[in-house]
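These notes concern the structure reproduced below.
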Amino acid sequence: MKNVQTRIDELRRLIVQHDHRYYVLDSPELEDAEYDALFRELVQLESAHPEFASSDSPTQRVGGRPLDKFGQIRHSVPMLSLENAFSEEEAREFDERIKRFLATKEEIAYVIEPKLDGLGIELVYESGRLVSGSTRGDGEVGEDVTQNLKTVRAIPLRLRAGPPPPPPRLEVRGEVFMKRNDFLALNERQEAEGEKTFANPRNAAAGSLRQLDPAITARRPLSAYFYGLGAEIGLASHWDLFQRLPSWGLPTNPLNALCPNIGEAVESYHRLRESRATLPYESDGVVFKVNDARLQRRLGEVSRHPRWAIAFKFPSEEAVTRIKQIQVQVGRTGALTPVALLEPVRLGGATVSRATLHNQDEIDRKDARAGDWVFVKRAGDVIPEVIRVDLGRRSPGSRPFKMPDSCPVCGSVVVRPEGEAAHRCVNAGCPAQVKERIRHYCSRDGMDIEGLGDRFVDQLVDKNLLKDVPGIYTLRAEDFFKLDRMGEKLAQNFLDAIGRSKSRPMDRFIFALGIRHVGDHLSRVLAQRFPSIERLEATPLEDLQAIRDIGPEVARSLRAFFEQPENHRMIRALIERGVRPTPVKPPVDSPISGKTFVLTGELQQWSREEAERQIREAGGRVTSTVSRKTDYVVAGTHPGTKAKKAGDLGVRILQESDLRKLLEPT
Ligand code: IVH
């Protein structure tokens, strides 16, 4: 037992240390696979030895229970915002102003920092432990996003010791953001899961952090850099802060620099502006901050801006072009997406000819119309976005855009469900939806039917050979012969691939159904818990919600899916046609799932029923007699003979508090 605890401690230390090297020092020592191996070992040991659970173990960054609504946190010192400069002249005026205010002719030293395009946050550490995290909010009061921030791996749950050691209370401020690559990968995943994509990395970061369900945040690739303080801690300069933060495990931007005067600060600005496109994240300017802490205090603030700092903005990479037409596309879930077809224009090294307009609200906000001249920019340097309309050049006859009342593909009624931004085509049989659903079903992450990609699906549906997902399994060689450039060999390949798909693992099958919000991760979570699709279909809302990783929105989406008669029919038809997903093993990463429990004695905080329900919902089994097969005996007060028997058999005995820890890891 001693050895296990030692190894667990060692693994935790190693992982924290490698996280630090990766996120703070930016010099990883381990290959990803080696890191993963350490992590897996820790997960396994902790799950086999729940008595060593600890809420600040690196394995606990998975997100706890969903919140109903964010609480509020008042910042002890208001979080100010920055004034902007848009030209070198304005940047130099800022320096002049400071010298006038301080009545000095001496040069002022500045720290320059790339301005990150993310979300300002404040973390509070007490005795080195993260106790709260909040958004900037209105500057005075922010939202309590502690649970979400705890899932961000760049944020230490405990500070490192320095030297010098951190102060007893540290209020540290910084930016949570998403790197360009991570943003693109996230959008791809969102798309595959039939969920909304984000317009740019900033929105993606903000949307990810402001999730009521921390389990969702945990799956979003967020990064963070720190650059400021709430309450002062007695530092002589801002640059000193950048020496301290990394030694406490808080990542800072390696491009921050100390400049002896405004001339060098402006030069640094130009250098960063040159390399802007190659930065791994989006930056919209450079922040200049007076380095000397005493000068900062003397300068103070004016109308919510510090006098000692300014954001010198980059010109945004924009181009002007014309909207030829606004086209409406229909996705798998029937959501209608308006897309602006543009006169092709060069932008950031590529030619842009389409830009998403997201939904009716976005269009209304921008008042974008067909024929308008518009400014476009590239969000995340890849997805082009219309930023605003040049109203001066609008032609007199133009009309506001309105989503069609009927689906542009099938003509069915279009509705906008309450509380949603998207309009949807109500016809589940709409060819556009059918094609998307079939593509999704056949996709690599779904049932992986090799070769059945866009081109063939389009043809099969257009030629009326395929009208729904189960139809895939009644396709015959003759049907394939009706397609362009189809030979006997290729047709046989398709039939073989279709045959092979009948026994894919359960998680692939769940993913392939295309349930809203259910992507590859949640498909796996569900598959591990439900050996058959019938069991999943029959599970009521409350039980779904009680599963770790499944938030209220996902649970509702699952219920809504299974309650649709068409979906029920589709699943029955697939099974009738021989689809037999193979069950997958229960998760190794839950300390409870697959384990057998016996309860004895009186519990203090829970009724027996409640404790049993929680164990079952976390994937465990509850039985009434202790045997060698029992994994844990939970002993309340006045435990009976069962606890004694457990002792005799060497079965581990848990206190009620241990059980609670196992069930609620954060
Ligand atoms: S300093 C008192 N430094 O920009 C100074 N802000 O309008 C307050 N930001 O809300 C902020 N990068 O979220 C500072 N290196 C940086 C920054 C930065 C991004 C954001 C921050 C703030 C906004 C200021």
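For the sequence shown, the working numbering gives the first residue as 17, with consecutive numbering after it. The C-beta atom is built at its ideal place from N, Cα and C for all residues, glycine as well. Treat the numbers as computed from the prediction; the structure is a model and nothing was measured.
Q: Apply the 10 Å Cβ neighbour rule to Pro433 and answer buried if 16 or more other Cβ atoms are within range, or exposed otherwise.
A: Flag for Pro433 reads exposed.
Check your understanding: Beta carbon of Val361, beta carbon of Val355: below 7 Å?
Key -> It is not a contact, given that the beta carbons lie outside the stated cut-off.
Would you say the beta carbon of Ala325 comes nearer than 6 Å to a heavy atom of ligand 1? Ala325 Cβ: within cutoff of ligand 1.
Exercise for the section: Give every residue of the same chain whose Cβ lies closer than 6 Å to the Cβ of Val507, excluding the five residues on either side of it in the sequence, and list them in chain order. Expected result: The displayed chain sequence assigns Ala, not Val, to residue 507. The beta carbon of Ala507 is closer than 6 Å to those of Ala493, Phe496 in its chain, skipping five residues each way along the sequence.
Under 8 Å by Cβ, that's how I've got Leu670 and Val642 pegged, so tell me the actual separation to the nearest angstrom. Not really, about 13 Å apart at Cβ, beyond 8 Å.
Using the C-alpha atoms, what's the distance from Ala448 back to Asp380? Asp380 and Ala448: Cα-Cα distance of roughly 25 Å.
Original post:
So what's Asn100 in DSSP terms, helix, strand or just coil?
Top reply: Here Asn100 sits in strand by DSSP.
For Glu45, I'd like the list of residues in its chain whose CB is within less than 6 Å of its CB, leaving aside the five on either flank, ordered along the chain.
Answer for Glu45: Arg37, listed in chain order.
From Trp255 to Phe391, what does the alpha carbon distance come to, in whole angstroms? In a straight line, the C-alpha of Trp255 is about 39 Å away from that of Phe391.
Please name the residue or residues paired with Gly136 in a DSSP beta bridge. Gly136 pairs with Glu191.
Q.
Given a cut-off of 7 Å on the beta-carbon distance, is the pair Val431 and Arg440 in contact?
A. Closer than 7 Å, so yes.
The stretch 270 to 285 / the stretch 217 to 225 touching (three or more Cβ pairs under 8 Å): Using a C-beta cut-off of 8 Å, the stretch 270 to 285 makes no contact with the stretch 217 to 225, since fewer than three inter-stretch Cβ pairs fall below that distance.
Is the stretch 539 to 550 close to the stretch 470 to 479, with three or more CB pairs under 8 Å?
The stretch 539 to 550 is not in contact with the stretch 470 to 479.
| field | Same chain only: Cβ atoms within 7 Å of Gly467, ignoring 5 sequence neighbours per side | value | A distance below 7 Å between beta-carbons, with the five flanking residues on each side excluded, links Gly467 to the following residues of its chain, in chain order: Asn509, Phe510, Ala513.
Margin query: Whether or not the stretch 141 to 148 and the stretch 227 to 234 are in contact is what I'm after, with contact meaning three or more pairs of Cβ atoms, one per stretch, closer than 8 Å; do they touch?
Written below: Judged by Cβ distances under 8 Å, the stretch 227 to 234 makes no contact with the stretch 141 to 148, as fewer than three pairs qualify.
| task | Could you name the residues of the same chain whose beta carbon sits closer than 7 Å to that of Ile31, not counting the 5 residues immediately before and after it, in chain order? | result | Apart from sequence neighbours up to five positions away, the residues of its chain that approach Ile31 with a beta-carbon distance below 7 Å are Leu54, Phe55, Leu58, Pro74, ordered along the chain.
**Request:** Please list, in chain order, all residues of the same chain as Ala437 whose beta carbon is under 7 Å from its beta carbon, the five residues on each side excluded.
**Result:** Around Ala437: Asn375, Asp377.
Distance check for Arg323 and Leu315, CA to CA, integer angstroms please. Straight-line Cα distance between these residues: approximately 6 Å.
Asn203 burial status per 10 Å Cβ neighbour count (16 or more: buried)
Buried, because 16 or more other Cβ atoms sit within 10 Å of the Cβ of Asn203.
- CA-to-CA distance, Asp72 to Leu173, given in whole angstroms: Computed Cα separation, rounded: 6 Å.
message: Between Val303 and ligand 1, is there a pair consisting of the residue's CB and a ligand heavy atom that are separated by less than 6 Å?
response: Because some heavy atom of ligand 1 lies under 6 Å away, the Cβ of Val303 counts as near it: yes.
State the beta-bridge partners of Gly244 as determined by DSSP. Residue pairing by DSSP places Gly244 opposite Arg189 in a beta bridge.
| Endpoints, beta strand (DSSP E) assigned at Ile326 | 325 to 329 is the span of the beta strand (DSSP E), which, as asked, contains Ile326.
- For Asp317, which residues does DSSP report across the bridge? The residue you asked about is not Asp; residue 317 is Glu in the sequence shown. Glu317 is bridged to Pro322.
_Taking the alpha-carbon of Ser422 as reference, which of Pro400, Cys446, Pro655 has the nearest alpha-carbon?_
Distance from the Cα of Ser422 is smallest, within the candidate group Pro400, Cys446, Pro655, for Cys446.
Among Phe578, Ser548, Pro547, Ile549, nearest to Leu557 - alpha-carbon criterion: Nearest in C-alpha terms to Leu557, of all of Phe578, Ser548, Pro547, Ile549, is Phe578.
DSSP three-state call for Glu434: helix, strand or coil? Three-state DSSP puts Glu434 in coil, outside helix and strand.
| From Lys393 to Glu298, what distance separates their C-alpha atoms? | About 13 Å.
Start and end residues, alpha helix (DSSP H) containing Ala208
Under the DSSP assignment, Ala208 falls in the alpha helix (DSSP H) whose first and last residues are 196 to 208.
Practice problem: Indicate, with yes or no, if ligand 1 has a heavy atom lying under 6 Å from the CB of Ser97. | Solution: Under cutoff, so the answer is yes.
Q | Span separating the alpha-carbon of Met419 from that of Glu211 | A | If I take the Cα positions, the gap works out to 20 Å.
Distance check for Glu582 and Asp52, CA to CA, integer angstroms please.
Whole-angstrom Cα-Cα distance: 41 Å.
Kindly identify the DSSP beta-bridge partner or partners of Ser150.
Per DSSP, the beta bridge partners of Ser150 are Glu138, Asp160.
message: Given the structure, does Leu132 come close to ligand 1, in the sense that its CB is under 6 Å from one of the ligand's heavy atoms?
response: Remark: the shortest separation between the CB of Leu132 and any heavy atom of ligand 1 falls under 6 Å.
Checklist line | Beta-carbon proximity of Arg593 to Tyr457, cut-off 7 Å | finding: Taking 7 Å as the Cβ cut-off, Arg593 and Tyr457 do not qualify as a contacting pair.
* **Extent of the continuous alpha helix (DSSP H) run through Gln259** => 254 to 263 is the extent of the alpha helix (DSSP H) around Gln259.
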